[in-house]
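Okay, structure first, notes after.
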Amino acid sequence: MEPNVIYAFLLTLGAGLATGIGSILAFFTSTTNTRFLAFSLGFSGGVMIYVSMVEIFFKAQESLVGALGEVGGQWATVGGFFGGMIFIAAIDRLVPQKGNPHEVKRVEDMHTSKEEPERQGLMKMGTFTALAIAIHNFPEGIATFTSALNDPGLGFAIALAIAIHNIPEGVAVSVPIYFATGSKRKAFRLSFLSGLSEPAGAILAFLILMPFLTDTMFGIIFAAVAGIMVFISLDELLPAAKKYDETHVSIYGVVSGMAVMALSLLLFI
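Those letters in the sequence shown? Residues 1 to 269, per UniProt numbering, in order.
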């Protein structure tokens, strides 16, 4: 197996397993640090929006114009971009509201009495959330893997952004499971497993998409990745960051994320 394939897979694995970090953090706090949460979510959103609109979109455009010509390449890029948005929006619509990982939950929101109906409700919430995250992480795994194959530096940036936004998703899985069962091990295991769909997406990309990864296919995938990341940022990260923001710290996170992303891209030139 080629070294760049191994590198791409390891990046995807690391991004997916960040849900486990969220699970661990949930066990050491009874109250969410909302300033840190708002900054982190804003930072991840800033990274995703900047890298999508400044780097990924134009890489897709360059690849598609080279393969399909000026007019065809431009149309294919725009089509891929909005196709990615439609794809992730459709997945989002199919996920039950209670289990949707786009609904960020605070640790203290999970504290409740342990009467049997409430325990069952928390268990159901955590299980649905784990399933929802697994569904969302699958296309993210494909995006990270294929991006890292084409451009290792860009793949690292995407993996980092996805890892950051996977951490609160890990909290959303582990906390209700923990308060429903009293088992940290069970809560961690379910949260950990939900992140494994990301490397599963990478394996699918390797086994099925690799033979078809022409310039046209890479361009369309990149354009779709840009659309997916912008949608996640606007629909999930920025609203959640603003929800827990009291002192404009979320916008500082967005600007910081964009600045760090810009600097990292300059260093890879």
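Beta carbons: idealized from backbone N, C-alpha and C, even for Gly.
Starting from residue i, trace the alpha helix (DSSP H) both ways and give me its first and last residue.
i, result
"residue 241", "238-243"
"residue 62", "57-68"
"residue 41", "34-50"
"residue 192", "184-195"
"residue 266", "249-267"
"residue 233", "It is not in any alpha helix (DSSP H) - residue 233 carries neither H nor E in the DSSP assignment."
"residue 24", "18-26"
Express the C-alpha separation of residue j and residue i in angstroms, rounding to a whole number.
i, j, result
"residue 289", "residue 52", "It is not possible to answer for residue 289, since the shown part of the chain is limited to 1 through 269."
"residue 262", "residue 183", "42 angstroms"
"residue 82", "residue 6", "30 angstroms"
"residue 17", "residue 139", "15 angstroms"
"residue 272", "residue 227", "Within the shown structure, residues of the chain are numbered from 1 to 269, placing residue 272 beyond reach of any answer."
"residue 195", "residue 3", "23 angstroms"
"residue 208", "residue 248", "44 angstroms"
"residue 76", "residue 87", "16 angstroms"
"residue 199", "residue 170", "16 angstroms"
"residue 94", "residue 235", "15 angstroms"
"residue 193", "residue 148", "23 angstroms"
"residue 99", "residue 70", "Because the pLDDT of residue 99 is 47, which lies under 50, any placement of that residue in the model is unreliable, and the number read from its coordinates should be weighed accordingly. The straight-line gap from Cα to Cα measures roughly 43 angstroms."
"residue 21", "residue 212", "35 angstroms"
"residue 36", "residue 19", "17 angstroms"
"residue 23", "residue 173", "7 angstroms"
"residue 255", "residue 68", "36 angstroms"
"residue 8", "residue 161", "15 angstroms"
"residue 168", "residue 78", "31 angstroms"
"residue 61", "residue 55", "10 angstroms"
Measuring alpha carbon to alpha carbon, tell me which of the options ends up nearest residue i.
i, options, result
"residue 157", "91, 257, 216, 6", "257"
"residue 222", "248, 8, 84", "84"
"residue 238", "49, 148, 65", "49"
"residue 175", "10, 7, 26", "26"
"residue 231", "38, 216, 245, 91", "91"
"residue 166", "9, 41, 210, 8", "41"
"residue 154", "240, 214, 57, 201", "57"
"residue 215", "63, 11, 28", "63"
Among the residues of its own chain, which have a CB less than 8 angstroms from the CB of residue i, if the five just before and after it don't count?
i, result
"residue 150", "59, 218, 222"
"residue 205", "141, 142, 145, 146"
Within the same chain, show all residues whose beta-carbon is closer than 7 angstroms to that of residue i, passing over the 5 residues directly before and after it, in chain order.
i, result
"residue 177", "123, 126, 186, 187, 190"
"residue 233", "45, 48, 49"
"residue 264", "157"
"residue 163", "14, 15, 18"
Excluding five sequence neighbours on each side, which residues of the same chain lie with their C-beta closer than 6 angstroms to the C-beta of residue i?
i, result
"residue 80", "220, 223, 224"
"residue 65", "73"
"residue 197", "134, 137, 138"
"residue 250", "38, 42, 241, 242"
Using a Cβ-Cβ distance under 9 angstroms, would residue i count as near chain C?
i, result
"residue 36", "Protein chain content of the structure displayed is limited to a single chain, and chain C is not contained in it."
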